[in-house]
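The structure appears right after this line, and notes come after that.
There are 2 protein chains.
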Amino acid sequence: MSPAATENYRKLMQMAAELADLSSAEALLGWDQETKMPRKGIEGRAQVSATLAGVHHERLTRPEMGEALAALRGNGTALDDEARAQIEDLWWSYTRATKLPGDLVRRLAETRSRATAVWAEARAAKDFPRFAPHLKEIIALSREVAEAYGYEADVYDALLEEYEPGARTADTAVVLSEVKDFLVPFLRAIAESRKEIDLTPVLGPFDRAKQAAFGEQVVRAMGFDLDAGRIDTANHPFCSGIHPGDVRLATRYKDDIRVGLFGTIHEAGHGLYEQGVAAALGRTPLGSIRSLGIHESQSRLWENNVGLSLPFWKAFYPSLQATFPGPLADVPLDTFFAAVNDVRPSFIRIEADEVTYNLHVVVRFELEHELINGRLGVDDLPEAWNARYAEYLGITPPTPDVGVLQDIHWSSGLFGYFPTYTLGSLNAAQFYAAAARDIPSLESRIERGDLIPLKDWLVENVHRWGNRFKPEELVERATGHPTRADEFIAYMKAKYEPLYGLR
Amino acid sequence: MSPAATENYRKLMQMAAELADLSSAEALLGWDQETKMPRKGIEGRAQVSATLAGVHHERLTRPEMGEALAALRGNGTALDDEARAQIEDLWWSYTRATKLPGDLVRRLAETRSRATAVWAEARAAKDFPRFAPHLKEIIALSREVAEAYGYEADVYDALLEEYEPGARTADTAVVLSEVKDFLVPFLRAIAESRKEIDLTPVLGPFDRAKQAAFGEQVVRAMGFDLDAGRIDTANHPFCSGIHPGDVRLATRYKDDIRVGLFGTIHEAGHGLYEQGVAAALGRTPLGSIRSLGIHESQSRLWENNVGLSLPFWKAFYPSLQATFPGPLADVPLDTFFAAVNDVRPSFIRIEADEVTYNLHVVVRFELEHELINGRLGVDDLPEAWNARYAEYLGITPPTPDVGVLQDIHWSSGLFGYFPTYTLGSLNAAQFYAAAARDIPSLESRIERGDLIPLKDWLVENVHRWGNRFKPEELVERATGHPTRADEFIAYMKAKYEPLYGLR
Chain A
20 MSPAATENYR
30 KLMQMAAELA
40 DLSSAEALLG
50 WDQETKMPRK
60 GIEGRAQVSA
70 TLAGVHHERL
80 TRPEMGEALA
90 ALRGNGTALD
100 DEARAQIEDL
110 WWSYTRATKL
120 PGDLVRRLAE
130 TRSRATAVWA
140 EARAAKDFPR
150 FAPHLKEIIA
160 LSREVAEAYG
170 YEADVYDALL
180 EEYEPGARTA
190 DTAVVLSEVK
200 DFLVPFLRAI
210 AESRKEIDLT
220 PVLGPFDRAK
230 QAAFGEQVVR
240 AMGFDLDAGR
250 IDTANHPFCS
260 GIHPGDVRLA
270 TRYKDDIRVG
280 LFGTIHEAGH
290 GLYEQGVAAA
300 LGRTPLGSIR
310 SLGIHESQSR
320 LWENNVGLSL
330 PFWKAFYPSL
340 QATFPGPLAD
350 VPLDTFFAAV
360 NDVRPSFIRI
370 EADEVTYNLH
380 VVVRFELEHE
390 LINGRLGVDD
400 LPEAWNARYA
410 EYLGITPPTP
420 DVGVLQDIHW
430 SSGLFGYFPT
440 YTLGSLNAAQ
450 FYAAAARDIP
460 SLESRIERGD
470 LIPLKDWLVE
480 NVHRWGNRFK
490 PEELVERATG
500 HPTRADEFIA
510 YMKAKYEPLY
520 GLR
Chain B
20 MSPAATENYR
30 KLMQMAAELA
40 DLSSAEALLG
50 WDQETKMPRK
60 GIEGRAQVSA
70 TLAGVHHERL
80 TRPEMGEALA
90 ALRGNGTALD
100 DEARAQIEDL
110 WWSYTRATKL
120 PGDLVRRLAE
130 TRSRATAVWA
140 EARAAKDFPR
150 FAPHLKEIIA
160 LSREVAEAYG
170 YEADVYDALL
180 EEYEPGARTA
190 DTAVVLSEVK
200 DFLVPFLRAI
210 AESRKEIDLT
220 PVLGPFDRAK
230 QAAFGEQVVR
240 AMGFDLDAGR
250 IDTANHPFCS
260 GIHPGDVRLA
270 TRYKDDIRVG
280 LFGTIHEAGH
290 GLYEQGVAAA
300 LGRTPLGSIR
310 SLGIHESQSR
320 LWENNVGLSL
330 PFWKAFYPSL
340 QATFPGPLAD
350 VPLDTFFAAV
360 NDVRPSFIRI
370 EADEVTYNLH
380 VVVRFELEHE
390 LINGRLGVDD
400 LPEAWNARYA
410 EYLGITPPTP
420 DVGVLQDIHW
430 SSGLFGYFPT
440 YTLGSLNAAQ
450 FYAAAARDIP
460 SLESRIERGD
470 LIPLKDWLVE
480 NVHRWGNRFK
490 PEELVERATG
500 HPTRADEFIA
510 YMKAKYEPLY
520 GLR
């Protein structure tokens, strides 16, 4: 680089580091709101969050930023690959942000914060109409955002881009249709197998403190560093990468051991990704992971491809039995393994089994796509939700707390987020298959409780790169081809056909 | 106000509200660092805190702020009293901040954050030399700050002003000398009384979860709203008023019940002050309390004048006995009351009794005054500390963790803070005496466990005003005269002379 370009680049990275710090502060405010904040803090917190979002936006869009970016992009051949990727990443954020008026950003942050609080109350009260006006407000603001960003084919594209850079609604709809077209008859075949799995071993009640202790044991075995993170409880499980050295998991426990256990493993999968980003990318644009389809692949790989596998339970079941001798001492491994892999249509997405899970996602993707396009109104949403559940899963939620009010996403304005869950399932199947090709005797190492070779493979092939590659390129580098449905479908069949005697 | 002045005032208050929000975010970062943050988060957190401090400073000192303030101050007669007080308060912050270069602010925040972490390690390792280079750095930066602020007589004045607006070192030194001149012989007389108080009832061990439950019962009785606050544990007790609706107490528990119990009551006294500021002052300059001599009066009034009084224990001792029937069922009230009021020179300030407490403060005030003036070097500090303890309290700390390393203040750069603790004791005695004059049968209401009339008196006379009045004016309005040592001395004598048979 020329001395002028070097100086420009240094200034740009300094500005980017301050933006990363502001994001960290915003992440902490959000984490705290969901886990620790007292009830009456909500109004004050909404204002603090709005102000921080405003400051962030103001600093991201300041003229010095645009000038430095323009100068460096015009001078591209002099930059090394990583520097070019840093600049393109920041350019992506900058151009998106300059399209949004600061006032819209502030209104959105404030409305989100309030809507999230009302959503929690409405869910507890099973009262959709209480939440409806806030959802309308959020949708109207999300459309304003999409119009400001601009799009070619579909207003939803502009929102999807936020969570899956480069993805288009039409393509995503095709992949999700393939998944749905496979799953709906597959689920029907499972139902028709009439195989009854005994759920008694997992329904509990299991003592929550002991659940937490066992969960922590698994999280440590996965290689999650609890000196650089923590585990708390919240209404809705999540993972927050606040800054390097501080990655936080939130989970929840119910009597049914599957809820807390697989929720914890899921969030720890996200947490490993955050902890695995190369230290040199800390406080840089590439240090912040943007593709949720990749992020979700890490959580679902650990939750499903590992946590629901027989090798994993060969390693960990003795310790679980020792933790809960009362209910589990006399339950054989095979019985327990069948119970955690029980396939059964149910209402709550985050408690769903692996087979029905992606049908929950398809419902949400289809509905939010229609909401954003104005083809579905908020007042008609509960009915549409229930109709879609009847069609795909064969069940109808009795109350909105286990139906349309169950997820935090819409109250938080996260439209375009849901389809990335299914992209995550597909990527998880691909990454796991690739890791199994690369790591000698992967399954027998997992059987011995040694999860570290898999974690190291993921760090090497996925985590350490941060946001260096677009999702498609990252997946292709690690697995040999871009994201497809076929390895996921093959994995589903290989696991569930024998369990349900379908072959 | 003229339309132009009204518009200027509106803009100013909007800028001030954003500054209040930034302060809230900084407060949350600080609270989290002391209570929840994982160990390896420290480096990242230091950068986030430094960036937020930089943004805060930049926005406080921007030209629009100076212009609006100058225009409104030049137009003073058109403003009502409260608006004038708002403007003067913001002017105080603005002028102090404009004197500090942004770079100094950033270096200070970063150094503080790191030094605090090293202090915690050094204290655990009883290793003063590990902390010494960080303390030197903090002192050098504090002197830079004082020089930038400017002062007339004493470099320490510029630092004291931060915590006790309007106070001067020379005056403070006189009041603290009066206190010391009373306490040193008073403590000697107590020692010579040879009265041996039995500490067995308070030394425990007491179960920590039950201590927390009893503490919460007392905090609720004081009128602290736990829907607008919370209680956590930390290495060093503190109270953080994050924003209206969110006031957090941090305490710690030891086997000795006095540590957690009176620490909790103390912090709840601070917390009541934060919760009691008039809602209309939220997000305004006057909503943030600046005088620590007043803040500390609230904590010490509840901790000592109430929490260590016989009427209080007539109300709460039965419940404490019910919580800990094993150790306390057979201990009469008088025996317990004497034990919590035991006077005994000891090493740790925050565990000290009421009589020796202010001698701990005098040691720190004298030493930090000399450190800042360069009359004492950091390498000589441990020896100077121990010599002063020998002279005033008659004891010598065996290791630095219970000596010079015990307090978080210096690692956090809080020079000028310590003397406000003693101003707090003096103000507490004055406020309590005034409340006792105003509230019919105050003592018999406390005996019945009804603490709310006292809390309401404090809200009315102290809390609701926020930073509306300078400390001296506030004290005079509430008690009839400014802060003096005599009511504190009278209170000490009235309580401890009979306990130790000195009359």
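First to last, the protein sequences are chains A and B. All residue numbers for the first sequence refer to my numbering, where the first residue is 20 and numbers rise by one. All residue numbers for the second sequence refer to my numbering, where the first residue is 20 and numbers rise by one. Note that the Cβ used here is the ideal one computed from N, Cα and C, for glycine as well. Just so we're clear, the structure is a prediction, and the values are computed from it rather than from any experiment.
query, result
"Which residues in the same chain as residue 298 (chain A) place their Cβ atom closer than 7 Å to its Cβ, once the five residues preceding and following it in sequence are excluded?", "263"
"Determine whether the beta carbon atoms of residue 432 (chain B) and residue 68 (chain B) lie at a separation below 7 Å.", "no"
"Can you look up residue 78 (chain A) in the DSSP assignment and give me helix, strand or coil?", "helix"
"Tell me, to the nearest whole angstrom, how far the beta carbon of residue 147 (chain A) is from that of residue 141 (chain A); I am working on the premise that it is less than 8 Å.", "7 Å"
"Beta carbon of residue 187 (chain B), beta carbon of residue 200 (chain B): below 7 Å?", "no"
"Could you tell me how far apart the beta carbons of residue 304 (chain A) and residue 35 (chain A) are, in whole angstroms, since I believe they sit closer than 8 Å?", "5 Å"
"Under 7 Å Cβ-Cβ, which residues of chain B neighbour residue 394 (chain A)?", "Within 7 Å Cβ-Cβ: nothing; residue 394 (chain A) doesn't reach chain B, min ~38 Å."
"Would the beta-carbon of residue 218 (chain B) fall within 7 Å of that of residue 357 (chain B)?", "no"
"Can residue 594 (chain B) and residue 442 (chain B) be called in contact, C-beta distance under 7 Å?", "In the structure as shown, chain B starts at 20 and stops at 522, and residue 594 (chain B) therefore has no counterpart that could be examined."
"Residues in the same chain with beta-carbon distance under 7 Å from residue 316 (chain B), minus the five sequence neighbours each way, listed in chain order, please.", "443, 446, 447, 450"
"Specify whether the segment 208-216 of chain A and the segment 511-519 of chain A touch according to this definition: at least 3 beta carbon pairs, one from each stretch, less than 8 Å apart.", "yes"
"Taking a Cβ distance cut-off of 8 Å, strictly less, list which residues of the segment 41-59 of chain A are near chain B, in chain order.", "41, 43, 44, 47, 48, 51, 55, 56, 57, 58, 59"
"Could you tell me the distance, in whole angstroms, from the CA atom of residue 50 (chain A) to the CA atom of residue 259 (chain A)?", "7 Å"
"Relative to the C-alpha of residue 26 (chain B), which residue among B:53, B:273, B:102, B:40 is closest?", "B:102"
"From what residue to what residue does the beta strand (DSSP E) around residue 124 (chain B) run?", "Where residue 124 (chain B) is concerned, there is no enclosing beta strand (DSSP E), although the alpha helix (DSSP H) it sits in stretches over 121-143."
"Kindly indicate which three-state DSSP category residue 262 (chain B) falls into: helix, strand or coil?", "strand"
"Suppose the cutoff is 7 Å on Cβ atoms and the five residues either side in sequence are ignored; what does the same chain contact list for residue 37 (chain A) look like?", "78"
"Enumerate in chain order the residues of its own chain whose CB-to-CB distance from residue 534 (chain B) is below 7 Å, with the five nearest sequence positions on each side excluded.", "Residue numbering for chain B in the displayed model covers 20 to 522; residue 534 (chain B) lies beyond these limits and cannot be assessed."
"By DSSP, does residue 368 (chain B) sit in helix, in strand, or in coil?", "helix"
"Let's test the definition: count the other Cβ atoms within 10 Å of the Cβ of residue 89 (chain B) and tell me whether it reaches 16, buried, or not, exposed.", "exposed"
"Cα-Cα, which of B:276, B:275, B:284, B:277 is closest to residue 269 (chain B)?", "B:284"
"Let me see if you follow: with CB-CB separation under 7 Å, is residue 362 (chain B) close to chain A or not?", "no"
"What does residue 257 (chain B) pair with, by DSSP beta-bridge criteria?", "B:269"
"Under a CB-based cut-off of 7 Å, is residue 260 (chain A) close to chain B?", "no"
"Starting from residue 283 (chain B) and walking both ways along the alpha helix (DSSP H), at which residues does that stretch end?", "276-295"
"Can you tell me whether residue 465 (chain B) is helix, strand or coil according to DSSP?", "helix"
"State the Cα-Cα distance for the pair residue 71 (chain B) and residue 41 (chain B), rounded to the nearest angstrom.", "7 Å"
"At 7 Å on the CB atoms, spell out the chain B contacts of residue 105 (chain A), in chain order.", "Result: empty, since nearest Cβ-Cβ is about 18 Å, beyond 7 Å."
"Comparing the C-beta of residue 122 (chain B) with each C-beta of chain A, is any distance below 7 Å?", "no"
"With 8 Å as the C-beta to C-beta threshold (strictly closer), list the residues of the segment 284-300 of chain A near chain B in chain order.", "none"
"What residue from A:143, A:224, A:386 has the CA that sits closest to residue 523 (chain A)'s CA?", "Because chain A in this structure spans residues 20 to 522, residue 523 (chain A) falls outside the shown range and cannot be described."
"Residue 507 (chain B) to residue 302 (chain A), Cα distance in whole Å?", "52 Å"
"Chain A partners of residue 74 (chain B), CB-CB under 7 Å?", "74"
"Would you give the residue range spanned by the beta strand (DSSP E) that residue 252 (chain A) belongs to?", "248-252"
"Do residue 439 (chain B) and residue 170 (chain B) have their C-beta atoms within less than 7 Å of each other?", "no"
"Kindly indicate if chain B contains any beta-carbon less than 7 Å away from that of residue 67 (chain A).", "yes"
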